[in-house]
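Structure, as structure tokens:
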Amino acid sequence: MFVDVIHTDSAPIIPFLGFGMSQKVGHLDFYPNGGKQMPGCQKNIFSTIVDINGLWEGTRDFVACNHLRSYKYYSSSILNPDGFLAYPCASYDEFQENSCFPCPVGGCPKMGHYADQFQGKTSAVGQTFFLNTGESGNFTRWRYRVSVTLAGKKKVSGYIRIALYGSNGSSKQYEIFKGSLKPEASHMRDIDVDLNVGKIQKVKFLWNNHVINLFRPKLGASRITVQSGEDGTTYQFCSGDTVKEDRLLSLSPC
Numbered sequence: 001m002f003v004d005v006i007h008t009d010s011a012p013i014i015p016f017l018g019f020g021m022s023q024k025v026g027h028l029d030f031y032p033n034g035g036k037q038m039p040g041c042q043k044n045i046f047s048t049i050v051d052i053n054g055l056w057e058g059t060r061d062f063v064a065c066n067h068l069r070s071y072k073y074y075s076s077s078i079l080n081p082d083g084f085l086a087y088p089c090a091s092y093d094e095f096q097e098n099s100c101f102p103c104p105v106g107g108c109p110k111m112g113h114y115a116d117q118f119q120g121k122t123s124a125v126g127q128t129f130f131l132n133t134g135e136s137g138n139f140t141r142w143r144y145r146v147s148v149t150l151a152g153k154k155k156v157s158g159y160i161r162i163a164l165y166g167s168n169g170s171s172k173q174y175e176i177f178k179g180s181l182k183p184e185a186s187h188m189r190d191i192d193v194d195l196n197v198g199k200i201q202k203v204k205f206l207w208n209n210h211v212i213n214l215f216r217p218k219l220g221a222s223r224i225t226v227q228s229g230e231d232g233t234t235y236q237f238c239s240g241d242t243v244k245e246d247r248l249l250s251l252s253p254c
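Written as structure tokens, this is what we have:
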């Protein structure tokens, strides 16, 4: 017998009204978004209970939202299995701190309908896996590790964002770092992309600090490395240019 479990409502009953469990009870225990609070489920009880459709509907949606996410994730995984790849990790904190990446040699299981296809499904009891999901739609996400090496002549403060362009389409912009932006410094972050972009062909870089600067500084990315969480494939992109804030810089394969 094979048992897999999706934990989506394991927060304490008081004060969070959690009605699930956090204990590992299967061969594969999945904790999407940490297993407690699901994206798209309101945290404010009053705003949800005072629902436009009435008190009963609002109360039901608030109490059950996290709980019902488990079957919604499962249902979506039938048609979108690759968007629910889960990573083995000791805790959600470690997962969020850019640990537990990429998938190990034995691969990662797909949370939901196809979990039983994982080769190591019964190798041990209580194997824990983490992933992040979207807040609506089909809930799918694809995880990448992005490292950005900055270029320029002067340190500025602000944020940097990147967008991925691949054979299947392009992603929205994702923030990689916010703070002091120093030339030649590198910043790394794992991102959960809402689209399977396929083979990555180029990356676009943008920076901003939302501060009026008479000197109009320029900043760029000399190198951006993108690694796929699923198979560890690494892509390298380079540029010798810098741009003013809010201007897109396109990086091509090195």
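Number 92 in full-length UniProt numbering belongs to position 92 of the sequence shown; there are no gaps in the numbering.
Even for Gly, the Cβ is constructed at its ideal location relative to N, Cα and C.
query, result
"Y92 - containing beta strand (DSSP E), residue span", "Segment 92 to 96 is the alpha helix (DSSP H) holding Y92; no beta strand (DSSP E) there."
"Integer-rounded CB distance, given that G169 should sit under 8 Å from V148", "Not confirmed; about 22 Å, so no contact."
"CA-to-CA distance, C108 to L249, given in whole angstroms", "34 Å"
"The region 163 to 178 / the region 119 to 126 touching (three or more Cβ pairs under 8 Å)", "no"
"The region 174 to 184 contacting the region 82 to 92, beta-carbon criterion three pairs below 8 Å", "no"
"The region 182 to 190 in contact with the region 105 to 122 per 3-pair CB rule at 8 Å", "no"
"C-alpha gap between G83 and S77, whole angstroms", "7 Å"
"Assumed close pair C238, L251 - CB separation to whole angstroms, cut-off 8 Å", "6 Å"
"Given G210 as reference, the closest of K72, E245, S228 once Cα atoms are compared", "The sequence shown places His at residue 210, not Gly. Nearest option by C-alpha distance: E245."
"Nearest to I160 (by Cα), restricted to the options G106, E94, V203, G232", "V203"
"Enclosing beta strand (DSSP E) for E230 [first to last residue]", "Where E230 is concerned, there is no enclosing beta strand (DSSP E), given that its DSSP letter is neither H nor E."
"Per DSSP, the bridge partner or partners of H187", "V148"
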